[in-house]
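Working notes, structure below.
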Amino acid sequence: MPRVDCRPRRQVDRASPKEPDCAVGAGCVSEAGRRPVTALTPTEILPVLREVEARGSLDSAGRLLQRIRKAFNYAVSTGRIETNPVRDLDGALTPPERGHHAALPWAKVPDFLKALAKYPGNPETRIALHLMLLIFVRSGELRGARWSEFEPEFLEATGERLALWTIPAERMKSRRDHIVPLAPQVVALFRQLHEFSGNTEFVLPHRTRAKTGMSESTLREGMHRIGFGEYTVHGFRALASTELDGLGFRPDVIERQLAHVEANRVRAAYHRTDYLEDRQRLMIKWADIVTLSGRHEAEVVGGSKRLEDSLPPLVSESTVFRQRRRMMVRGLRKTRVTGSSYKSTQPHGAD
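Start counting the sequence shown at 1; every next residue gets the next number (the UniProt record's numbering).
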């Protein structure tokens, strides 16, 4: 007897971050795939979708239903069944919230870090969530990060030092290179990731598709697994913006580090390294107060207490340009050897 396969033909091997994780599809096959396609009913399919919903993956549940519907449509078109049994299941699923990025309150940061330290899943997901809090980039910018975007020396250096991550314009919402200063705590986390994925292209490779980055649903499900599913990783950006403003950092420096799109194109052209030293101080201070809040070594709420300045050597703009030039030369050499050109496979994160 024919079985239900949740994978639509012509899309089985497509590397798309919008597709549900293979674990979701495998669950569908294992539960419903043992039944003849002619015997399956909506009441047997719905519990499979409910299981995905229970993990907090509302988007994944909706996409899984779409894939199941396509599979049944194929069965109808090939004469295996007369009608699609899941055509009316849309109303049975909980719709995901749209347009709202719930921000973690500062008062809950210590509890978040404590829960994150006990994360029961893959260490790569735990580190990715920690990094999202510490560097507050857009989700797609971190999930699509490649080791080639980092200066090679920072992974080999010993002791505390400042490093820079340059996200290329192709992967930025603003379509301009963006520099992310990396505090020592952040460098340590990237070094941990390098032990897992240093021999791959991506810093956070997908669990089953090595040629693409970690899926967005992995981070979302990670938040649910530690009991913080009501908040989003994108909300870390709002958290950092609010608290850094309370610490006295200038709004234009904060906005620049958030890589918000500059409406004035002429002004934006000069913004790649604008306020670089201030942004380095900002990122180090943010990493410090987050780390201390997790250790309960200091009470840092909003702007009520400022840490003493104790900064590693900052990187000058001239050094940045030299580093970027070396990275461009390495990229050109690679292109000449392989005949390939850079092309982003990750979506641009919503602002």
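Note that beta-carbon positions come from the ideal geometry of N, C-alpha and C, so glycine has one too.
Would you give the residue range spanned by the alpha helix (DSSP H) that W286 belongs to?
Residue numbering aside, residue 286 sits at position 286 when the sequence shown is read from its first letter. Note, W286: alpha helix (DSSP H), L276 to R295.
Quick check on the DSSP output: the beta strand (DSSP E) that includes I127 runs from which residue to which?
Position 127 of the sequence shown, counted from the start, is the residue given in the question as residue 127. Where I127 is concerned, there is no enclosing beta strand (DSSP E), although the alpha helix (DSSP H) it sits in stretches over P123 to I135.
So, is S60 buried or exposed, given that buried needs 16 or more other C-beta atoms within 10 angstroms?
Working through the sequence shown from its first residue, we reach residue 60 at position 60. S60 comes out buried.
To the nearest angstrom, report how far apart L182 and L131 are at their CA atoms.
Sequence index remark: in the sequence shown, residue 182 carries index 182 (1-based). Sequence index remark: in the sequence shown, residue 131 carries index 131 (1-based). Whole-angstrom Cα-Cα distance: 10 Å.
Could you tell me whether the Cβ atoms of P85 and P42 are closer together than 7 Å?
Here residue 85 refers to the residue found at position 85 when the sequence shown is read from its first residue. Here residue 42 refers to the residue found at position 42 when the sequence shown is read from its first residue. Against a cut-off of 7 Å, the Cβ pair of P42 and P85 comes out as a contact.
Below 7 Å between beta carbons: does that hold for residue 355 and L65?
In the structure displayed, the chain extends from 1 to 351; residue 355 sits before or after that span and is not available.
For the beta strand (DSSP E) holding P181, just list the boundary residues, first then last.
Within the sequence shown, the letter at position 181 stands for residue 181. H178 to L182 is the span of the beta strand (DSSP E), which, as asked, contains P181.
Based on the DSSP secondary-structure assignment, which residues constitute the bridge partners of G213?
Taking the sequence shown and counting its residues from 1, the one referred to as residue 213 is at position 213. For G213, which the question treats as bridged, DSSP gives the partners P205.
Taking the alpha carbon of Y275 as the reference point, which residue from D252, T212, S241 and L292 has its own alpha carbon closest?
For the purposes of this step, residue 275 is identified with residue 275 of the sequence shown, where counting begins at 1. Cα-wise, what sits closest to Y275 is D252.
From what residue to what residue does the beta strand (DSSP E) around I45 run?
Residue mapping note: residue 45 aligns to position 45 of the sequence shown, counting from 1. No beta strand (DSSP E) holds I45; the alpha helix (DSSP H) holding it covers P42 to A54.
Start and end of the alpha helix (DSSP H) containing residue 368?
The structure shown does not extend to residue 368, since the chain is modelled only from 1 to 351, so the question has no answer here.
Less than 7 Å separating the beta-carbons of L134 and G222?
Residue 134 sits at position 134 when you count from the first residue of the sequence shown. Residue 222 sits at position 222 when you count from the first residue of the sequence shown. Taking 7 Å as the Cβ cut-off, L134 and G222 do not qualify as a contacting pair.
Tell me, which residues are paired with R146 by DSSP?
For the purposes of this step, residue 146 is identified with residue 146 of the sequence shown, where counting begins at 1. F202, per the DSSP bridge assignment.
Just verifying my parser: in three-state terms, what is the DSSP assignment at R14?
Taking the sequence shown and counting its residues from 1, the one referred to as residue 14 is at position 14. With a pLDDT of only 34 at R14, under the threshold of 50, the placement of this residue in the model should not be trusted; the figure read from the coordinates follows. Coil, per DSSP.
Pull up the distance between the alpha-carbon of P255 and that of S241, whole angstroms please.
For the purposes of this step, residue 255 is identified with residue 255 of the sequence shown, where counting begins at 1. For the purposes of this step, residue 241 is identified with residue 241 of the sequence shown, where counting begins at 1. According to the sequence as given, residue 255 is Glu; it is not Pro. Using only the alpha carbons, I get a separation of about 8 Å.
Straight-line Cα distance separating A75 from A107:
Working through the sequence shown from its first residue, we reach residue 107 at position 107. Working through the sequence shown from its first residue, we reach residue 75 at position 75. Cα to Cα, the separation comes out at about 53 Å.
With distances taken Cα to Cα, identify the nearest neighbour of F228 among M283, A102, G246 and L142.
Here residue 228 is taken as the residue at index 228 of the sequence shown, counted from 1. Of M283, A102, G246 and L142, the residue nearest in Cα terms is A102.
With distances taken Cα to Cα, identify the nearest neighbour of E216 among F112, L142, I81 and V52.
On the sequence shown, position 216 is the one that residue 216 refers to. Comparing Cα positions, the closest option is L142.
Using the three-state DSSP reduction, which class does I167 fall into: helix, strand or coil?
As a working mapping, residue 167 is identified with position 167 in the sequence shown. Reduced to three states, the DSSP call for I167 is strand.
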